Each structure stands twice: as C-alpha cells, then as structure tokens.
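Read through the structure below, which is laid out as structure tokens, and then see the notes.
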Amino acid sequence: MPKTKTAPKSMGFEEPLIQLRQKIEELKDYTKTADVDLSSEIQSLEERLSKLENDIYENMKPWDRVQVARHPERPTTLDYIPFLFEDFIELHGDRLYGDDEAIVGGIASFHGQPVTVIGHQRGKATKENIRRNFGMPHPEGYRKALRLMKQAEKFKRPIICLIDTKGAYPGKAAEERGQSEAIARNLVEMAGLEVPVISIVIGEGGSGGALALGVGNHILMLENSTFSVISPEGAASILWKDSALAQTAAEAMKITAPDLLEMKIIERMISEVRGGAHHDYAKQAGFIDEAIKESLGELTGLSGKELINQRYEKFKSIGIFSE
Amino acid sequence: MAMIREIFKRNKDKKETTIPTKKAKDVPEGLMTKCPSCKHITLTKELAKLHKVCPKCDHHFKMTAYERVESLLDEGSFTSMDDHLKTENPLGFPGYTEKIKSDSEKTGLNEAVLTGGGKLKGQEVIVAIMDSHFRMGSMGSVVGEKITRAIEAATEQRLPFIIFTASGGARMQEGVLSLMQMAKTSVALKRHSNEGLLFISVLTHPTTGGVSASFASVGDINIAEPKALIGFAGRRVIEQTVREKLPEDFQTAEFLLEHGQLDAVVHRNDMQTTLSTLVRLHTKGANQNA
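See below:
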C-alpha cells in the first residue's frame, strides 16, 4: 500500500536539497506572519531548488544509488504486487521442509493473462524484518520458488521474478539443508523452463542468492538497483581490508543498473520516480508495468524450445576475455 | 676502537648474507613434504606415487590440475583445450593483470581450470579440473568460459562430463561478470543433461561460494574427497551471523554426507576405480566388467 504519512527518510547526497527546502519553508512561514512580500525571493529559491534537484538526481553516483536501493521505505515485492497484478493468490511452502517467508510467490493476472509471480520479500520495520529474515532466504525459499516455477511451466504461465535480497542467508541450518544445492538447482532448472521468464531487480541483487531467481530470458533492473557478486562493504574489506571504503568499491565493482546495461548483461533499465522509487509507489509500479509489457511482448511469440535457446545464448555471451 | 667497530661491521655484513633467500628455502622443500595435518615427512616423489595422500594419517594434499590428470587418466590420453583463452581486466582493477600473469607462470595454466578430453580406464570422458593454486581457484570469465566449452564438447561428442572442483568461489576482480558465469555453466549443464548424458561432480578441498552454489552441487552424482571443505558461506561469516560455535566437522565432506548432500565420500586411492565404474554403468552395452 502506498505510504503517504511522512516525507521519506533522506540520504546523505540529498543534504543540499533538504537544506534549501527548509529555507524555503522558513521564508514561507515568515511571510505568513510578517508584513513583507518575499514572493520573488521565494520564487528564485524555488527555481534554484529545481535546478539543484536536476543536478543531483540526474548525476547520481554509484554509492548514491546503493543508498536508494537500500532505502528502508523502498517498495518491496508485496508493495508492487497489488499495483501490477490482479487476483494475486499467495502459495506457500516447498513441500519438503517449510515455508520461507523471505520469498513470496503465487499466481496472479497481468492485464488478463495468468502469470506466476515470485519475489524476495524483506520487511520494513524490525518485527516484519525478523519474520522475513531480512529478505535473506534459506534453501526452502529457493525450493518453493522452483516448485512454483515448475507449476507455472505445467500450466504454460509466464514467470515474473522480483529480485531484492542482500544474499542467501549465511547460517548453520541453511548449510545443513543445502543452501548451495538449492541455489545451484534453481540455476540449472530455470535454464530449461519452456515459458517466458522475466527477472526484475527491484532493490539489491546480492550474489548467488539473487541469481537463483535471475536466470531469465530478460533481466530488467530498476535505475537505482544493484546486482553484484559481493556487497560493496564486503568487497572493500577483502580488497583493502577496510569496509569503510565501500563507496570506492561501489564505483570500482560496476554494480549499478547503468553499468550492467552497458555490459549487456541486462535487457532493460526501468526509470525510477525522481529521487527513488520510495517517493511514489503507484507511479513506479506504472513504469515497471510498461517494462513487463514490452518484454512479454517480445517473448510471447517464442516456442518453449526457442525460449530455452534464447536463454542459452544470452548467458553464453556473458564474459570478457580474449582468444 | 676502530677495530672493534670493524668487528661489528663485519658481523653485520655476515648476518645479512646468511639470511636465506626465498629461492634457497624452496630447494629442500621440493625434496621432502611435511604433512600439514600430522607433520609426518614424506619424500615428495613417494608422495606423488601415493596420489598425494599422507601415508600416515590419510590427509589428502591439494593437487595441481596436472597432478590430477596424472593420477586419474590413462597415461598419455589427455588432450587439453582452450589453453589460448586470455583473462582481461574488465573492471580495471590495479594489479589484477600482474597477479594473473604470475599465477599463470607458477602453475603453467592459462587460468584456474584445466579442461580437456581423456580416457578413464579406456573410456572417453571430458574433464574440467580446477586448480586452487591459481587465484584460489576462483571463477572469472575465462574459468566460466572454459568449463562451459568443455560441457559443450561433452554434449556434442555425447560423452560423460566429470568436474573436479576446488575454488573459493566467484572472482571478485571481475565483479558481476564472475557471478554470471554461474548461470552460464548452468545453461550448458542443462543442455548436456537433457541429452541423457552423465555429469559427475567431484568436490575437492576447498569448494565454496559461487562454485559450490552452481555446477559443483548439481552432478547426477556428487562425490567428495575425505575432509574436503565444502560450503556456501564462509565459517567466520556464519559464526558472526548466528553467534554460536559451529561443530568441528562443520562443512566437511563427512558433514555433508551425513546431511544428505553427497552421494559418497571417496578416498583418492579409489577415485579412478569409482569413477570408471560409474562411467561404465552409464554406457550402453558396456555393462560387463571391462
């Protein structure tokens, strides 16, 4: 559901905007009580604000994008579902061990067409985050996802995956139940699906835990989402033994949507609402809706075999080396 | 006074010249090898004959890719492929090109995996052997490409594919390109599998991270060497997350076997026989004892 109560939490790089907005508010308050006309001053400040907004939001650095991708109010899978689909029915469990709430999935209708939707699910407040394990799945989460994908294939429904995780959960129980196998199995089985698969990174795409929903015919990324082999903090601590250098690592590792588009790993980058998806859920969902329609349109005509071959060629071509 | 000073000076000089250089230290190391587990010392030549398994405590030493070829495949049967692929530095990481070059000189490999065709007790197979002496066996673009091409060759020639994994995971210096190699090798494996062909994964020490979470874990048959470290996340990361002490044998081959993640733990001495028997049992019209 869209949030309207308070202005979203601001991020470091937005600081100049916050200050300017505050100043404008102060002036406006002042004119209400005092008997001076400051409208021309306010107008010029507002012009400056709009120019500054352009400067900041049109030139976002990788680290700025990482912050937006991690924004606590950033819309999650369950936030988008009511805007993107109708008749969503959530389906639970992997039939083997349990129901991992760090991944949600189900059947829904996309502009009248039945589809299967699967996505990582993190929480916003602490309580929900604990329930969702901060969006970090256990093996049963990946096995539930695979079960729903196979089900979609049986009924010839396209599959839409929403990726939003820091990574698969690094815990004792996860290892005991085969975290590696669960992820690996998804990669191989997704390769063979005879229905269109569209994977959309909506927040953080952290390593193998993200890729386990990512072997799609098309991979799309929201403008301020990331897809990486390791978090910037993790990279910095391994490469330079200092996690404080995360900002540098975020740039060096090329993890943002524009980077992946340039490397031809993803098919589309989905624009975000100015300042980030958290400013307007409904409008953002509209952008995603358009992108899904385009990708589905391109994939719908392909036969099961052609879809498998398209996926094969897509991933086969990724990698930079010389012969 | 001057004489005394002279004495000190001479001593100083002498001390400097007797500091052993790294090169000098390497010579005796080549002759004898000390077991890191039980400290038993074995002649290196002797150890090679024993498939690099400690005669006293059964510790399985790390093997180079070529040592593995020698201990496993029929003599002279191995032909390598894709040795010409060259690693680039796609993210422009300082020092990466140099590290690749020095590891390449050290190991005689172009990258952290050796691939090719060979014979296992007379039966043709395609193998990929990862070498942890090369950048910890980590997987970047070239490792992913070599493994994918090896799988494709196996599919084309309708042969079994056997991989020996030894890797710390995806290679960080190539960023998300490394991560995508997990998907690339997977699409190739799916095609191989759909043809009804056999894939055996042999997990050796260590197999972790992205390699563990892709091809290493999805063999038709998953075998590990004794005591091999196998897992998704690192032990320290898990200990920090769950804040509890992990059991001693956590993420060992035996631990995985106990938790239903492996088909078998096989001693290196039995590896050739086990693998060749498995291959034979998957070959039509070859069910007689060859």
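If you read the protein sequences in the order shown, they are chains A and B.
Per this note's numbering, the first sequence starts with residue 1120, numbered consecutively.
Per this note's numbering, the second sequence starts with residue 0, numbered consecutively.
Note that beta-carbon positions come from the ideal geometry of N, C-alpha and C, so glycine has one too.
Only a predicted model underlies this, so the values are computations on that prediction, with no experimental measurement involved.
Which class does residue i belong to by DSSP, given the choice of helix, strand or coil?
{"i": "D102 of chain B", "result": "helix"}
{"i": "F1253 of chain A", "result": "helix"}
{"i": "L1426 of chain A", "result": "helix"}
{"i": "I1143 of chain A", "result": "helix"}
{"i": "K1273 of chain A", "result": "helix"}
{"i": "D1283 of chain A", "result": "strand"}
{"i": "S36 of chain B", "result": "coil"}
{"i": "I1389 of chain A", "result": "strand"}
{"i": "L1197 of chain A", "result": "helix"}
{"i": "H204 of chain B", "result": "strand"}
{"i": "F1406 of chain A", "result": "helix"}
{"i": "S1169 of chain A", "result": "helix"}
{"i": "P1135 of chain A", "result": "helix"}
{"i": "H1239 of chain A", "result": "strand"}
{"i": "D1206 of chain A", "result": "strand"}
{"i": "N1178 of chain A", "result": "coil"}
Pick out whichever of the options has its Cα sitting closest to the Cα of residue i.
{"i": "E1294 of chain A", "options": "B:T154, B:V241, B:R157 and B:V141", "result": "B:V241"}
{"i": "D81 of chain B", "options": "B:N109, B:S101 and B:L72", "result": "B:N109"}
{"i": "K183 of chain B", "options": "B:E194, B:M138 and B:Q172", "result": "B:M138"}
{"i": "A127 of chain B", "options": "B:L188, B:P93 and B:R170", "result": "B:L188"}
{"i": "D1213 of chain A", "options": "A:N1248, A:G1260 and A:E1247", "result": "A:G1260"}
{"i": "T1367 of chain A", "options": "A:S1350, A:L1379, A:E1381 and A:P1377", "result": "A:S1350"}
{"i": "V210 of chain B", "options": "B:G136, B:G91 and B:E144", "result": "B:G136"}
{"i": "V1320 of chain A", "options": "A:E1247, A:F1440 and A:L1379", "result": "A:L1379"}
{"i": "F1207 of chain A", "options": "A:P1258, A:S1228, A:L1215 and A:E1144", "result": "A:S1228"}
{"i": "A169 of chain B", "options": "B:R190, B:F231 and B:P159", "result": "B:F231"}
{"i": "K1263 of chain A", "options": "A:C1280, A:E1247 and A:I1249", "result": "A:C1280"}
{"i": "Y65 of chain B", "options": "B:H59, B:D57, B:T78 and B:C53", "result": "B:T78"}
{"i": "S101 of chain B", "options": "B:R134, B:S76, B:P205 and B:N88", "result": "B:R134"}
{"i": "K120 of chain B", "options": "B:L72, B:T114 and B:T106", "result": "B:L72"}
{"i": "D57 of chain B", "options": "B:L277, B:V265 and B:K283", "result": "B:V265"}
{"i": "D1408 of chain A", "options": "A:A1355, A:K1383, A:S1347 and A:I1317", "result": "A:I1317"}
{"i": "A1376 of chain A", "options": "A:A1401, A:E1417, A:L1341 and A:A1363", "result": "A:L1341"}
{"i": "P1289 of chain A", "options": "B:Q239, B:I220, B:I150 and B:G115", "result": "B:Q239"}
{"i": "F1434 of chain A", "options": "A:H1257, A:I1338 and A:G1423", "result": "A:I1338"}
{"i": "L1332 of chain A", "options": "A:M1268, A:K1273 and A:A1365", "result": "A:M1268"}
{"i": "K304 of chain B", "options": "B:G91, B:T96, B:G75 and B:S76", "result": "An answer regarding residue 304 of chain B cannot be provided, because it is not within the stretch 0 to 289 covered by chain B."}
{"i": "G1297 of chain A", "options": "A:G1335, A:L1215 and A:G1224", "result": "A:L1215"}
{"i": "V278 of chain B", "options": "B:G259, B:T147 and B:E123", "result": "B:E123"}
{"i": "F60 of chain B", "options": "B:R234, B:L261, B:P225 and B:D269", "result": "B:P225"}
{"i": "T1196 of chain A", "options": "A:V1307, A:E1370 and A:R1251", "result": "A:R1251"}
{"i": "L202 of chain B", "options": "B:L255, B:E151, B:E45 and B:K244", "result": "B:L255"}
Taking the beta carbon of residue i as the centre, do at least 16 other beta carbons fall within 10 Å, making it buried, or is it exposed?
{"i": "L1426 of chain A", "result": "buried"}
{"i": "Q1186 of chain A", "result": "buried"}
{"i": "L1265 of chain A", "result": "buried"}
{"i": "D130 of chain B", "result": "buried"}
{"i": "D1174 of chain A", "result": "exposed"}
{"i": "I1241 of chain A", "result": "Residue 1241 of chain A is actually Arg in this sequence, not Ile. Its Cβ being crowded by 16 or more others within 10 Å, R1241 of chain A is buried."}
{"i": "S1344 of chain A", "result": "buried"}
{"i": "W1359 of chain A", "result": "exposed"}
{"i": "R1430 of chain A", "result": "buried"}
{"i": "M1255 of chain A", "result": "buried"}
{"i": "Y1199 of chain A", "result": "buried"}
{"i": "P93 of chain B", "result": "exposed"}
{"i": "S216 of chain B", "result": "buried"}
{"i": "K21 of chain B", "result": "Only weak support exists for where K21 of chain B lies, its pLDDT of 49 falling under 50; the coordinates are left without a value."}
{"i": "G1327 of chain A", "result": "buried"}
{"i": "M270 of chain B", "result": "buried"}
{"i": "K14 of chain B", "result": "Bear in mind that the predicted position of K14 of chain B carries a pLDDT of just 46, short of 50, making it unreliable; the figure below should be weighed with that in mind. Result: exposed."}
{"i": "Y1149 of chain A", "result": "exposed"}
{"i": "N1178 of chain A", "result": "exposed"}
{"i": "H39 of chain B", "result": "exposed"}
My understanding is that residue i touches residue j, with C-beta atoms under 8 Å, so please give their C-beta distance in whole angstroms.
{"i": "H1239 of chain A", "j": "I1302 of chain A", "result": "Incorrect: roughly 13 Å between the Cβ atoms, too far for contact."}
{"i": "S1357 of chain A", "j": "M171 of chain B", "result": "With the sequence shown as reference, residue 1357 of chain A is identified as Ile, and Ser is not the correct amino acid for it. Confirmed, Cβ separation roughly 6 Å."}
{"i": "H1397 of chain A", "j": "P1194 of chain A", "result": "7 Å"}
{"i": "L1157 of chain A", "j": "L1146 of chain A", "result": "6 Å"}
{"i": "K1291 of chain A", "j": "I237 of chain B", "result": "6 Å"}
{"i": "H281 of chain B", "j": "P159 of chain B", "result": "7 Å"}
{"i": "I1237 of chain A", "j": "I1278 of chain A", "result": "7 Å"}
{"i": "G1335 of chain A", "j": "H1190 of chain A", "result": "Their Cβ separation, rounded to whole angstroms, is 25 Å, which puts G1335 of chain A and H1190 of chain A out of contact at 8 Å."}
{"i": "T207 of chain B", "j": "G174 of chain B", "result": "No, T207 of chain B and G174 of chain B are not in contact; Cβ-Cβ is about 19 Å, not under 8 Å."}
{"i": "P1181 of chain A", "j": "A1369 of chain A", "result": "4 Å"}
Any beta strand (DSSP E) of 3 or more consecutive residues that is wholly inside the stretch 59 to 114 of chain B: 78 to 80
Continuous beta strand (DSSP E) assignments of at least 3 residues falling wholly in the stretch 135 to 194 of chain B: 160 to 166
Alpha helix (DSSP H) runs contained entirely in the stretch 1270 to 1357 of chain A, provided each spans 4 or more residues: 1291 to 1295, 1298 to 1310 and 1326 to 1330
Segments assigned alpha helix (DSSP H), at least 4 residues, entirely inside the stretch 236 to 284 of chain B: 252 to 257 and 267 to 280
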